[in-house]
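Read the structure below first, then the notes.
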Amino acid sequence: MEGGGGLYLAVERALYWYGDPRTLFAMPKRVMDNLIEPPMPLTGGLVAVHMRNADGTIADKIVRLRGAAFDVVWSVPGSESTTFGYDPKAAPDVLTIGSTDGADSYGRFLRTDGMQLLVKDPCQMVGSDRQLLVTLCRTRTLVGNRYLQYLAAYRWPKR
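All residue numbers for the sequence shown refer to the working numbering, where the first residue is 3 and numbers rise by one.
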């Protein structure tokens with residue numbers, strides 16, 4: 003994974019910075035640890051991480067890598083069942099964060115600038131721009147002998 007001015011490598015539950023790929027450090031610097039799964043690179047030097055905090059709680063974060071350090075752009079409490087979805091070609095500024103905690107399932111759509119939408123219906127992103135998020139959804143209950151699909155558009159909140 004490259005970004006933030008160098009080469010980064012996830013090893014087991016930690017992320018290390020190796021510096022400039024042309025002249026790698028002999029001893030890499032640990033950037034973060036307690037990762038639940040490998041980080042997901044986003045555009046612009048951003049990375050989505052699913053990690054365990056020092057107090058044992060779980061957090062989902064978007065961070066900006068800065069060498070051996072990072073800045074948290076966005077953070078929310080997470081769970082063991084969180085999944086990240088990202089398509090840099092279809093929507094380079096939007097990350098999908100899904101969760102199924104028992105009977106409660108949701109989709110959180112997050113722009114990399116921190117704006118977010120929480121959708122409690124079973125929907126997947128079709129496309130997005132700075133004002134609208136378009137999703138393909140399905141009904142939660144059977145209608146006749148099938149689940150119906152529908153398109154839904156959500157306006158991103160204003161800052």
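In this text, a Cβ means the ideal position worked out from N, Cα and C, and glycines have one as well. Computed from a predicted model, the values in this text were never measured in an experiment.
Sequence-distant residues of the same chain with beta carbon closer than 8 Å to residue i, five excluded per side
i, result
"E82", "I38 and I60"
Residues near residue i in its chain [Cβ-Cβ closer than 7 Å; skip 5 each side]
i, result
"R54", "N36, I38 and I60"
"W19", "G8, Y10, P30, K31, V33, G69 and A70"
"G109", "T98, G100, V121 and C125"
"F111", "V96, T98, Q118, L119, V121, M127 and L135"
"E14", "none"
Collapsed DSSP secondary structure at residue i in the structure displayed
i, result
"D89", "coil"
"S77", "strand"
"L67", "strand"
"Y18", "strand"
Residue j beta carbon less than 8 Å from that of residue i
i, j, result
"A70", "K31", "yes"
"P41", "L17", "yes"
"L153", "L135", "no"
"I64", "T84", "no"
"L119", "Y156", "yes"
6 Å Cβ shell around residue i - same chain, five flanking residues per side excluded
i, result
"V78", "D62"
Endpoints, beta strand (DSSP E) assigned at residue i
i, result
"R157", "Q151 to R157"
Whole beta strand (DSSP E) runs in the stretch 96 to 139 with 3 or more residues, listed along the chain?
-> You should have 96 to 103, 106 to 113, 118 to 121 and 125 to 130.
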